[in-house]
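The opening residue of the sequence shown carries number 3 in the numbering used here; numbering runs sequentially from there. Every residue gets a Cβ at the ideal spot worked out from N, C-alpha and C, and that includes glycine. I have placed the structure first, in the form of C-alpha cells, so that the comments after it can refer back to it.
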Amino acid sequence: MNRSNRSLIPKRSSIASERPSSLLKHPSAILARVALHQKSAAVIERKVADNTSDSSHDEGDDQIGSCFTSRFPLYGLDWTDLGESGPGTARIATSSYREDYKNYIEVIHGMPLFAETPGNGNNGADYKNKANITAWKFDKVASAAVRYPVTRLQWDPSMRYKAGFSIDRLATTSECLRIYEYETEAEGMGNNTITENSGNRYENNGEFKTYGNLTEKLCLSNSKIKDFNRMAPLTSFDWNLVDPRLIITCSIDTTCTLWDVNRGSGVTKAQLIAHDNEVYDVKFISGEKNIFVSTSKDGSVRLFDLRDLEHSTIVFEESPATNNLHTTTSVSETASHPLVRLAPSHYDADHIAVLEANSSQIIILDLRYPGQPLTTLNSHKSAVNSIQWHPRKNLLASGSDDSEVLIWDMDRLSDYKPHAIRRANKSIDPIIPVAGYNAGVEVNNICWDPSGDWVAQLGGKKIQAVKNEI
C-alpha cells in the first residue's frame with residue numbers, strides 16, 4: 003500500500019491516567035480570552051474517582067469510568083446506540099493504527115451506569131431515563147483483522163433492529179471500501195423485564211451479556227490494479243443519511259467514487275476526477291442525497307451535484323488573497339496548504355468546518371458565500387486533528403494535539419459575513435469555546451453519541467467518553 007496517506011493520521015501518543023467525567027461550561031472570564039490552561043485545570047478538578055486507570059490497563063480487564071483500553075494504538079472512531087432494543091446502550095467502532103500489516107477493527111459495547119434517583123425503586127436507579135446516565139462500562143464484543151490502517155469507519159445510519167437481535171453494517175476505508183455485518187445476540191433484552199442490580203448492570207435472571215460477530219461482506223475498489231498492495235489508498239468516505247444505499251469515497255488518485263452498496267456485490271454508480279491533487283475528505287451535505295463536498299491537497303473545497311457532475315463550485319481555495327485577510331477571518335500565512343478534513347453542519351446545511359494540515363485553526367465556510375471564509379476558530383494551541391458537529395444543536399466539537407477537546411457554540415455565525423463584503427468599520431468579536439476539557443493526551447479523533455449527550459475522544463490506546471453539559 004502506498005504509505006502517503008499516513009500523513010492524514012495523527013501521530014500516536016500515550017494517555018494520562020486522570021480523566022474528566024463531564025464537559026464544563028467556561029467561566030465568564032473566558033469572554034476576556036482567559037488562557038486555555040486555566041480552563042483545563044478547572045475541568046480536571048471535576049473528574050470522578052473511578053475515572054482514573056493505570057496506563058498499563060489490559061483490554062481484558064473491566065473497562066469502567068467511561069474509558070476503554072485497547073491493546074493497540076487507535077485512530078478510527080464512531081458511536082451509535084442500540085435504539086429501542088436497549089435503553090441507553092451504546093455501540094462504538096474503533097480501529098488500530100499500526101505501521102505493519104496487522105491492524106484490527108474492534109466493536110465495543112457500552113453499558114450505562116445510572117445516577118440514583120430517590121423514590122423511583124430499582125435501588126434508586128432510573129435506568130429508563132438516558133439523562134441519568136453518569137458513566138459507561140465498555141467491553142469489546144467483536145473484532146476483525148485487516149492488513150492496513152483504516153482511514154475512516156462509520157456505522158450504517160439506517161441500522162435495523164429486532165427484539166433481542168440485530169444485524170448492523172459497518173463501513174471502513176483503507177486500500178478499498180469494506181462493508182461488514184455485525185451480528186449480536188443479547189441476553190437479558192428481548193421482551194422480558196429488565197431490572198437493575200447493585201452493580202448497575204442490566205440483568206434478566208442473571209447478568210446482562212452480549213456477544214458479537216463481525217464479518218466482511220463486501221470489498222469494493224474501482225481501481226484497474228487488482229493487487230491490493232499497489233492500490234491508491236482511499237482517504238475517507240461518507241454514508242448517505244437520506245439514501246443509505248449510497249456511499250461516496252475519495253482517494254489519493256484525485257477521484258471520488260459513488261457506490262450502491264445494496265446492489266449485489268456493490269455497484270459503482272459514478273466516478274469523477276474531483277481535484278487537481280490528492281482528495282483527503284468527502285462528505286454529503288446534511289439532508290441531501292445528491293450534493294457533496296470534498297477537500298484536497300490542492301487547498302480547495304469543492305461542491306458537486308450528482309445530477310450534474312460536469313460542473314462543480316469552488317467553495318473555498320487558499321491563495322495569497324485569502325492569506326492577506328486579517329482579524330478573526332485570517333488563515334495561515336502560507337498559501338495552498340492541504341485541506342485534510344471537513345464537516346458539514348447538521349444544524350445549518352450552509353455551514354462547513356474545514357481543517358488545514360498541521361494548523362491550530364478551524365476554518366468556517368458558508369456555501370452562500372463561496373471564495374471567502376466566514377471566520378476561523380483560534381483557541382487551540384496545536385494542530386487540530388478532528389471536528390464534528392453536534393447531531394441536533396448548533397455546536398461544534400474539536401480535538402487537537404494540545405490535548406484539548408473544545409465545544410464551540412456556533413449560533414453567532416448568523417452575525418458573520420465574509421470579510422470581503424463586510425463593512426470596514428464593523429468589528430465582530432471572535433467565537434470562543436463555551437466548554438471543554440483537557441484529555442491529558444494528544445487527541446487524534448472525536449465523535450458525538452447519536453443524542454449529543456456524550457462526546458468521545460481517542461488518543462493513544464484509549465477511548466474516553468465525557469458527558470456534555472451544554
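- When C-beta atoms of the segment 293-310 are compared with those of the segment 270-281, three or more pairs fall below 8 Å, so the two segments count as touching.
- The beta carbons of residue 467 and residue 456 sit closer together than 8 Å.
- By the beta-carbon neighbour count (other beta carbons within 10 angstroms, threshold 16), residue 147 is exposed.
- In chain order, 292 place their CB closer than 6 Å to the CB of residue 309, counting only its own chain and leaving out the 5 sequence neighbours on each side.
- Distance check between residue 132 and each of 461, 454, 472, 462 places 454 closest, using alpha-carbon atoms only.
- Counting the other CB atoms within 10 Å of its CB gives residue 266 a total below 16, which places it among the exposed residues.
- Annotation for residue 105: the continuous beta strand (DSSP E) segment containing it runs 105-116.
- DSSP places residue 370 outside both helix and strand once states are collapsed to three, so it counts as coil.
- Out of 361, 232, 396, the CA that lies nearest to the CA of residue 339 is found in 361.
- Cβ contact annotation for residue 286 (same chain, cutoff 6 Å, sequence separation greater than five): 240, 242, 294, in chain order.
- Residue 419 counts as buried, since no fewer than 16 other beta carbons sit within 10 angstroms of its beta carbon.
- Per the Cβ contact rule, the segment 171-186 is in contact with the segment 103-113 (3 or more Cβ pairs under 8 Å).
- The closest CA to that of residue 401, considering only 435, 412, 319, 341, is found on 435.
- Cβ contact annotation for residue 218 (same chain, cutoff 7 Å, sequence separation greater than five): 146, 180, 182, in chain order.
- For residue 277, there is no enclosing beta strand (DSSP E), since its DSSP letter is neither H nor E.
- The alpha carbon of residue 92 has as its nearest neighbour, out of 143, 223, 99, the alpha carbon of 143.
- Under DSSP, residue 296 shares a beta bridge with 284, 304.
- Per DSSP, residue 74 is not a residue of any beta strand (DSSP E), being assigned neither H nor E.
- The C-alpha of residue 303 lies about 8 Å from the C-alpha of residue 341.
- In this structure, the straight-line span from the alpha carbon of residue 465 to that of residue 312 is close to 42 Å.
- Contact check for residue 317 against residue 367 passes: the beta carbons are separated by less than 8 Å.
- Looking at the DSSP output, residue 156 bridges to 173.
- If you compare the alpha carbons of 347, 348, 378 with that of residue 358, the shortest gap goes to 378.
- Only exposed fits residue 275, as fewer than 16 other CB atoms lie within 10 angstroms of its CB.
- Residue 436 has no beta-bridge partner at all, per DSSP.
- In the three-state reduction of the DSSP assignment, residue 265 falls in the coil class.
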